[in-house]
Every structure is written in structure tokens, then in C-alpha cells.
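The block underneath contains the structure these notes are about, expressed in C-alpha cells.
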Amino acid sequence: KSGKSQQERWVYRHLCWLLPAIYIVLASLVPPIEFDVTEYHLQVPKEWYQSGGMVQLPHNIYSNMPMGAELLSIPTMSLMPHYPNTPDWWQGAISGKAIIGFYLILTAALTCVIGRRWFGLNAGMASLILLVCTPTLVSISTDGLVEMVLAFYLLLTVYFLLRWDEEPIRKWVILAGSAAGMALSIKYTAVVFVWIPAVAFLAIKRRGFKPVLAFAIGVLIFSAPWLVRNLAWTSNPVYPLAGSIFETEGRTDEHVAQWNNAHKVPEFSIGNFQTDFGKFFITEQGQSPFLIPLALIAIAIGYRHRVIRPIFWWTVFYLVVWWCFTHRLSRFWAPIVPLVAVMAGYALQDAFSKRLKVAFNIVLVLAAIYGTSFISRSFGTYNRVFVDYDKLTYIEPILEARDNTIPIRAHRYMNREIPRIGDDQSMSVLLVGDATPFELTMPAYYNTCFDECLFDKLVKQQSLEDAYNSLLERNIYYVYVDFDELARYRSPSNYGTRSTVTREDILKYVRLGLLEEMVDAAINRDRGMVMIVKKPSQIQ
């Protein structure tokens, strides 16, 4: 009877993490709509694949960021068969997005490994379940954002350092450096969130300079290629950061100021402190109500533990840096949550060891119920997991859906209608204000808000005849202008934009005959316009 009871406990514990894990995989396979994902996380690999290699994209400043996670999409693009309505790059990008989402499961598995090794099997299982049942992490991962990829390499760095502390041989510290180097291949922020605390950990142990050197070797192996690439492209190894230190040809002080202003640290105040840390502790929609309280219990009962203490101080350092030196987006603290989950697992293990088996099991079941009920609703995740891909790419968005935005409505209209207008598949569209062309199946010219506006360069700054010829030279037969996005960028406290285009400019070119509105686009013309390029009657 005891054996059967134990078997039943393990069945429901595995179900507690397996069901959310299955959902994570399915939701990760849904086409992306998150802004950053369609602007660069998947758009840049798409352009590199179509270009035949990693090339500089002067119209997309984010292509200069480390793209270690995003590169996972390119091999899958190469392996996918080509179908008439589903290009290989599209299928490959969705597969790459699924791999990014799967990193949450890998990270949860690693918390289980850490918990099991240093605390016990129950601690490991608890950490795993608590992590995959945290809705905000599920949302980030299934949207295609890379924070949990960074979290994995941060946690892997911690794991190897703990192994080195336990068994001080060189391979562990080299592996830790390699994991830290991979972290930088995901995001520049790894320098402060991973490298600095890792070096501090090595220094505190006072085992000489050789471990630090071995760590640095591992770091350089995996981070140097990205830094050298940027140095060759822009004369700045961390472009677009540090623009005030490294000069880049064509990048003016105005460009640097715009970038810095967009990413500046918000005001330091008691109110902001309470709001920002309140989100981390409990008020952020989708934050687990179990993680932080359990982690605090772990600190109270196990601070002197050789694993809990460094994890606690790493977490504190991370949060201090996040609040003092970043622009405090909530998802930027997501990479530290796995360390919190490790501490939470320790707290539950301690409860289990004191024969509070009922409390242990109740917490896990409640965490699973909370997580699965939250993530299966419309919160955060774009959860049309059983909808046909063609319907998610070509049909008009459902009104109550999260994808009911002007750019997506315009994209799907163009995907449906433009191939029917002409047989020339090389016909391109010029996007103004819209920097998220990922799902467009036709070639697109665009620019981010930090890059020079192509419409200004090709049309506004030239005569009518030269503008027409410039568009035709690039096979641009369509123009889409997103007035909502232009207004958003120009609003107070927003990123700003390099574009000078206004609604009056567009209407002027419509009157001159260069552009003709496609009125059947089902888009409110006060918010956006899809237009076809015409030869003005004034041009012979």
C-alpha cells in the first residue's frame, strides 16, 4: 500500500509539470505577434536567411545585438520544405520560436537538477513545478522573447560554479565561463547580470587568479565572435550601446541621444520603488504567489547553506542592478526567477523533511492549478494552439483577439490580396511607421524608429519624378503607412522616430497621383493606409 501511495504521488507530481510543459510547446508553435519578436527576434533571422548569410542591416538597428537565440531559427529554415502558401522561412521561424519557448522547460529541468543535487529530490521537483507554473514566464517564453534563454545560461553558470566550489577542478570553471559567454550571445545585459557576480563568486573563494583566468577563457570563446562582428561592422563592439564612447560612421550625436533617451533609467522615487518591486513580489499579472514567500522562508531557515547564500546574494545583486541601471521592464527580471525557484524548492524540501507532507503536496497542486488555469486563458499567451496556420496568417483578425492591431490587419490584407493583383512575386512594399514586417510574405522595405526613414529618403527628399523612379528601381509597388505607430513614437516619453512623414505628406502624394489608396483594405484611414504606387500624370 505504501508503494502504491508513493507511486500515485509521483504520478500527480509529474502531471503538475508535464501538462504546463505540453502547453508551453503548443503555444510556442503559434505564429508570433509580440512587437519585439516580429521586429527583430524573428525578422532578423528571416532577412539573414533570405540574404544567404549574416549581413549588416542598416535599417534594423537591433540586428547588431547578439542573436545567439535567434540564430536557432536559421537551420530550421534551411531544413523546411517549401510550400506555395507557407514559405520555408516561415516554418523555420516558427520552429525556432518553439525552441526558444522550450528553454523555459530546460531551465525548469536545470532547477530540478540543482535542487536534487544539493537539497533533495523533492526540492528539485518542487522547483521544476513552481517554475513551469509561473504564468508570466510562460507568456514571455511562448511569445518568442529570449529572457528565458538568458535565464538558462545564467542558471547554468551558477550550476557550474557550485560544482567548482564543491570540486575545485578547472573544467567546472571553464564550463561556467562558457555558459556566461553564451549568456552574452543572448543579451548584452549578461555582462552585469552574469559576468560580474560570477567573477565576484570566484574572488570570494580566494583560490588564486587561475580560476578567474579559466573563466575568462570560457567567456571569450562564446562571446568574442559577437563583439568582433560588431567591431568590424560599426567600430563599436557593443553597438548600439556605448555610442558616446565608440564612434560609428554615419551615427550622429542625435542618433546616440535618441537611443540613450529611449533606454534611460526612470526616475528614482519611493513610489517607483514600491511599484516596481511590488510587481516582482506579487502584483505583476501572472507572477506566482508561491515563489517569493517560499524563497523568503528559505532565506530565513537556510541562509547559511553553501548554496542558498550565494543564490540569495546573486538575486539581490540582479534586482539592484535591474532597478538602478535599466529601464525597468518587468520581463527584464525574469532571468533571475529560476534562482528564486531553487530557493523556493529548498523551503518546500525543508517542510517535507519535517513531515509536513500534506502542506508540501497542497502547495504543488495549488501552484499547478493556478498556473494552468492562468496560462490557458487569454492572459499574455497568444493561445490559438489549435487554429490552422493559414488562418493565423491570411484571415482578418478576430475582433476580440490580441492580434487585432492595425499593422497585423494590414499585413494580412496584403498577404491575401497583393499576390492576386499581379504575377510578379518580386513586387515589394515600403512600410512607414511599421517596423514589424515578419509575417509579410512579400518583400518589404522598412526601418526601425532609430534608423533613417526610407520614405523620407526615397520620396520626400526628391522630386516627384525622381521619387517615382526611386520606388520602381527597388520594385516598390505598394506603400503602407501606420499613422498610429508614428503617433506612438512621437508621444511624450516614447522612443521618438527618425521619420518626418505626416498624414498631410501622404495625402499630398495621393493628390499628386503617386499613391492611390486601396480602399478595400478594411483599415480606418485615420489610423493607417495601404496604397499602390502609380505613375503621376505629370510624368511623361
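Per the numbering used here, the sequence shown runs over residues 303 to 842. Cβ coordinates follow ideal geometry from the N, Cα and C atoms, glycine included.
- By DSSP's assignment, Ile-834 forms a beta bridge with Tyr-780, Glu-818.
- Runs of the alpha helix (DSSP H) lying entirely within the segment 428-510 and spanning at least 4 residues, in chain order: 437-445, 449-468, 472-486, 498-507.
- Exposed is the label assigned to Glu-551, since fewer than 16 other Cβ atoms lie within 10 Å of its Cβ.
- Nearest C-alpha to Pro-334 among Thr-743, Val-781, Asp-445, Thr-378: Asp-445.
- Its chain contains Leu-457 as the residues whose beta carbon lies nearer than 6 angstroms to that of Leu-412, once the 5 sequence neighbours on both sides are disregarded; these appear in chain order.
- DSSP places Tyr-342 within a helical segment (H, G or I) once states are collapsed to three.
- With a threshold of 16 other beta carbon atoms within 10 Å, Gly-394 meets it and is buried.
- Per DSSP, Val-622 lies in no beta strand (DSSP E) segment; the continuous alpha helix (DSSP H) that holds it begins and ends at 610-627.
- In terms of CA proximity to Asn-562, Tyr-797 leads the group Met-833, Val-687, Tyr-797, Ile-599.
- Scanning its chain for C-beta atoms nearer than 7 angstroms, with the 5 sequence neighbours on each side dropped, one finds around Leu-430 the residues Trp-319, Ala-410, Ala-411, Thr-413, Cys-414, in chain order.
- Pairwise C-beta distances place the segment 322-340 in contact with the segment 437-451, as three or more of them are shorter than 8 angstroms.
- Comparing C-alpha distances from Cys-626 to each of Gly-426, His-565, Gln-345 shows the shortest one belongs to His-565.
- Restricting attention to Met-744, Gly-735, Val-687, the CA atom closest to the CA of Tyr-715 is found in Met-744.
- Put simply, of Ile-402, Leu-359, Pro-360, Val-357 the residue whose alpha carbon is nearest the alpha carbon of Thr-378 is Ile-402.
- In the structure shown, the three-state DSSP call for Leu-320 is helix.
- In the DSSP secondary-structure assignment, Ser-730 is bridged to Ile-778.
- In the DSSP assignment, Tyr-811 falls within the unbroken alpha helix (DSSP H) covering 805-813.
- The continuous alpha helix (DSSP H) containing Arg-419 extends over residues 390-420.
- Out of Ala-526, Pro-539, Ala-516, the CA that lies nearest to the CA of Ala-485 is found in Ala-526.
- Note on geometry: alpha-carbon atoms of Lys-693 and Ile-708 lie some 17 angstroms from one another.
- According to the DSSP assignment, Glu-556 belongs to the alpha helix (DSSP H) that extends over 555-564.
- Taking C-beta atoms as the reference points, Ile-841 and Leu-774 fail to come closer than 8 angstroms.
- Look at Tyr-791 here: in three-state DSSP terms it is helix.
- Straight through space, the alpha carbons of Tyr-791 and Met-369 are spaced by roughly 25 angstroms.
- Inter-segment contact for the segment 470-486 and the segment 345-354 is absent: fewer than three beta-carbon pairs are separated by less than 8 angstroms.
- The bridge partners DSSP lists for Ala-746 are Val-731.
- Its chain contains Met-729, Val-835 as the residues whose beta carbon lies nearer than 6 angstroms to that of Tyr-779, once the 5 sequence neighbours on both sides are disregarded; these appear in chain order.
- Asp-768 sits in a helix when the DSSP states are folded into three classes.
- Between Asp-467 and Asp-736, the alpha-carbon positions lie close to 50 angstroms from each other.
- A distance below 6 angstroms between beta-carbons, with the five flanking residues on each side excluded, links Ser-365 to the following residues of its chain, in chain order: Val-346, Leu-359.
- Here Leu-760 has Ala-769, Ser-772, Leu-773 as same chain residues with Cβ atoms under 7 angstroms from its own Cβ, once five neighbours each way along the sequence are excluded.
- For Phe-511 and Ile-519, the gap between their C-alpha atoms comes out near 13 angstroms.
- Short of 6 angstroms from the beta carbon of Arg-418, and not among the five residues preceding or following it, lie these beta carbons of its own chain, in chain order: Gly-426.
- Judged by DSSP in its simplified three-state form, Gly-520 adopts helix.
- The alpha carbon of Ala-649 has as its nearest neighbour, out of Phe-592, Tyr-620, Pro-637, the alpha carbon of Phe-592.
- Annotated as proximal: Thr-459 and Val-496, with beta-carbon spacing under 8 angstroms.
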